[in-house]
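To get my numbering, take the position in the sequence shown, counting from 1, and add 29. We put the CB at the ideal spot given by N, CA and C, even for glycine. Since we're looking at a predicted model, the values are computed, not measured.
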Amino acid sequence: MFGNVSPASIAVRFAALAERHGGSTAAHRAELNQRKLMGAIAAREPATLGAVADAIGRGAPAVSRAVETLVRAGLVERTNDPENRRRLALRLSERGQEALRAKPAAHGHFTAGLERLAQSELRAIERAIEILERLPG
30 MFGNVSPASI AVRFAALAER HGGSTAAHRA ELNQRKLMGA IAAREPATLG AVADAIGRGA
90 PAVSRAVETL VRAGLVERTN DPENRRRLAL RLSERGQEAL RAKPAAHGHF TAGLERLAQS
150 ELRAIERAIE ILERLPG
């Protein structure tokens with residue numbers, strides 16, 4: 030178990046674990062993108078579309094479509110900017126604020142699994158995460 034291992038074999042095992050725990054499903058990625066967008070709006074309220082697009086590193090057309098989805102879901106409110114009538118101001122609705130405060134769906138299942146581990150195992154995982162966070166990319 031602790032012999033020589035290749036980075037490729039570790040990457041394969043890590044990817045399989047991430048997928049098993051909901052880290053790479055399309056639904057999970059969509060939820061993370063939605064939370065990222067809502068967080069950018071919340072941090073800049075009243076947010077403009079351009080400011081949010083810059084904050085999350087996406088183009089304005091893509092952000093506009095995503096915001097429209099959030100508006101239809103009742104998570105974001107869109108109003109005219111009082112300083113510039115041609116510009117829209119974005120704010121999280123009460124429901125959007127609650128959704129942003131809630132834990133991501135996959136988070137609860139994974140956390141429950143981690144809660145069953147011993148402190149020594151949690152420290153080992155924490156150390157591994159610290160090492161992975163230093164990797165470029």
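- The beta-bridge partner set that DSSP reports for R107 consists of L119.
- Take V92, set aside five residues on each side of it, and the residues of its chain with a beta-carbon closer than 8 Å to its own are L66, L78, V81, A82, I85, in chain order.
- With a cut-off of 8 Å on Cβ pairs, the stretch 144-155 is not in contact with the stretch 107-115, counting fewer than three such pairs.
- Taking each of L164, L129, I154 in turn and checking the Cα distance to E60, the smallest one comes out for L129.
- DSSP places R58 within a helical segment (H, G or I) once states are collapsed to three.
- Non-local beta-carbon contacts of G68 in its own chain, meaning distances under 8 Å to residues more than five positions away in sequence, involve L129 in chain order.
- Restricting attention to I160, L99, I158, the CA atom closest to the CA of G125 is found in L99.
- In the three-state reduction of the DSSP assignment, R64 falls in the helix class, which pools H, G and I.
- DSSP, reduced to helix, strand and coil, places A76 within a strand of the structure shown.
- Spatial neighbours of V105 in its own chain (CB-CB distance under 8 Å, excluding positions within 5 residues in sequence) are listed in chain order as M67, I70, V96, L99, L119, R120, L121, S122, G125.
- Counting the other CB atoms within 10 Å of its CB gives A76 a total of 16 or more, which places it among the buried residues.
- Inter-residue distance for A72 and R94 is about 20 Å (C-alpha atoms, whole angstroms).
- The DSSP-derived three-state label of R152 is helix.
- K132 and A141 have their C-alpha atoms roughly 13 Å apart.
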